[in-house]
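Residue numbers (the numbering used here), protein chains in the order written: chain U, 1 to 170; chain L, 1001 to 1170.
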């Protein structure tokens, strides 16, 4: 299930994020302002701007999956130098390509794996704890904050853009 | 795992939400304004205010768990009439009491259960799909939006307030 919760669902959310960035471009074009105004917008002076929210959403997916699978050094490096919407969309695409290179069986030992980060000073979480309490809440936080920045600035986004399509059955 | 993803983690997030509401009260007190200004704040004219974000976060937890367990009619009713911070915190407490009345074994058949809502016009999702693609993204959306409304209005909240404590091990 960790595969579905991360690779599959993170991919869906990153695609949704890419689509709301397209809506940002449409809004900027319609009102004749530079989309970089939106990319640099933030909800508070000391909160990250939209560019950084997208970068962190991508990193949460990339590094979260890499850690769960136990191959953290295999994640592609990104220098956090994106300044344009096209560059952000490329970052999302590269992240999607990376996380989708894994299969469900790569997560066989993920739940019990010891996950750590330099700033945790040697302490660890189990993979299950890391996924449920850290990676998953974090990616939703940054995608929602990106959405909120656009919503606050009048871009025509709604909850369905955030959630994406549901696999309804009859 | 659906129990951990919903009852346990939703409880953590609702407690975190209750704690950031306390921070809202502190901010209002410090700057001598009525906390109802924050409760009625929103990020866009056509987006829900903080009160409604809290109500929906609670309902997502309450109804999501009830649907997964297969006892949707057992969820406590709420009339959405809260106007004060104390009333919102009571709503959160009642929601916590309800979802914590379930145990892991109540979720034995949750993943395969057919979940529907009136507005889905007879269509359904499996419990697993409903949890991963609907309930979980929704609760994080509303907690993050509540957080963003407070952050935007200068309340001293940070990522740690959103995530809560991690069960680090040595």
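From the three backbone atoms N, C-alpha and C, an ideal C-beta is built for every residue, glycine too.
For clarity, every value in this text was computed on a predicted model and none was experimentally measured.
So which residues of chain L does residue 170 of chain U contact, with C-beta pairs closer than 9 Å?
1122, 1123 and 1124
Per DSSP, what are the beta-bridge partners of residue 115 of chain U in this structure?
U:125
For the candidate residues U:165, U:153 and U:136, whose alpha-carbon lies nearest to that of residue 59 of chain U?
U:136
Own chain, CB closer than 7 Å to residue 11 of chain U, minus 5 neighbours either side, in chain order
96, 99 and 100
Against chain U, with Cβ distances strictly below 8 Å, would residue 1010 of chain L count as a contact?
no
Enclosing alpha helix (DSSP H) for residue 1131 of chain L [first to last residue]
Per DSSP, residue 1131 of chain L belongs to no alpha helix (DSSP H) and is neither H nor E.
Here's a check: name, in chain order, each residue in its chain whose Cβ is nearer than 7 Å to the Cβ of residue 1069 of chain L, leaving out the five neighbours to either side.
These residues qualify, in order along the chain: 1102, 1106, 1107 and 1110.
DSSP state of residue 62 of chain U, grouped into three classes?
helix
Determine, for residue 55 of chain U, whether the minimum Cβ-Cβ distance to residues of chain L falls below 8 Å.
no
Please report how far the alpha carbon of residue 1113 of chain L lies from the alpha carbon of residue 1080 of chain L, in whole angstroms.
28 Å
Give the range of the alpha helix (DSSP H) segment to which residue 1084 of chain L is assigned.
Under the DSSP assignment, residue 1084 of chain L falls outside any alpha helix (DSSP H); it carries neither an H nor an E label.
Excluding five sequence neighbours on each side, which residues of the same chain lie with their C-beta closer than 8 Å to the C-beta of residue 157 of chain U?
If we look at residue 157 of chain U and ignore the five residues flanking it on each side, its Cβ neighbours are 20, 23, 147, 150 and 151.
Does the separation of the CB atoms of residue 1057 of chain L and residue 1155 of chain L fall below 8 Å?
no
Check each candidate in L:1129, L:1041 and L:1001 and name the one with the smallest Cα separation from residue 1083 of chain L.
L:1041
Can you grab the Cα-Cα spacing for the pair residue 71 of chain U / residue 1072 of chain L, in whole Å?
So the alpha carbons of these two residues sit roughly 42 Å apart.
Quick check: is the beta carbon of residue 78 of chain U nearer than 8 Å to any beta carbon in chain L?
no
By the three-class DSSP mapping on this structure, what secondary structure does residue 1032 of chain L have?
coil
Could you please give me the residues that DSSP links to residue 169 of chain U through a beta bridge?
L:1124
Residue 99 of chain U CB to nearest chain L CB: under 8 Å?
Using a CB distance cut-off of 8 Å, residue 99 of chain U does not count as an interface residue toward chain L.
Measuring CA to CA, which of L:1002, L:1091 and L:1126 is closest to residue 167 of chain U?
L:1126
For residue 1160 of chain L versus residue 124 of chain U, is the C-beta distance shorter than 8 Å?
no
Would you verify that the beta carbon of residue 3 of chain U is, or is not, closer than 8 Å to some beta carbon of chain L?
no
Report yes if the C-beta distance between residue 25 of chain U and residue 37 of chain U is below 8 Å; otherwise report no.
no
My guess is that residue 145 of chain U and residue 55 of chain U are in contact by the Cβ rule of under 8 Å, so how many angstroms apart are they, rounded?
The Cβ separation is near 12 Å, so there is no contact.
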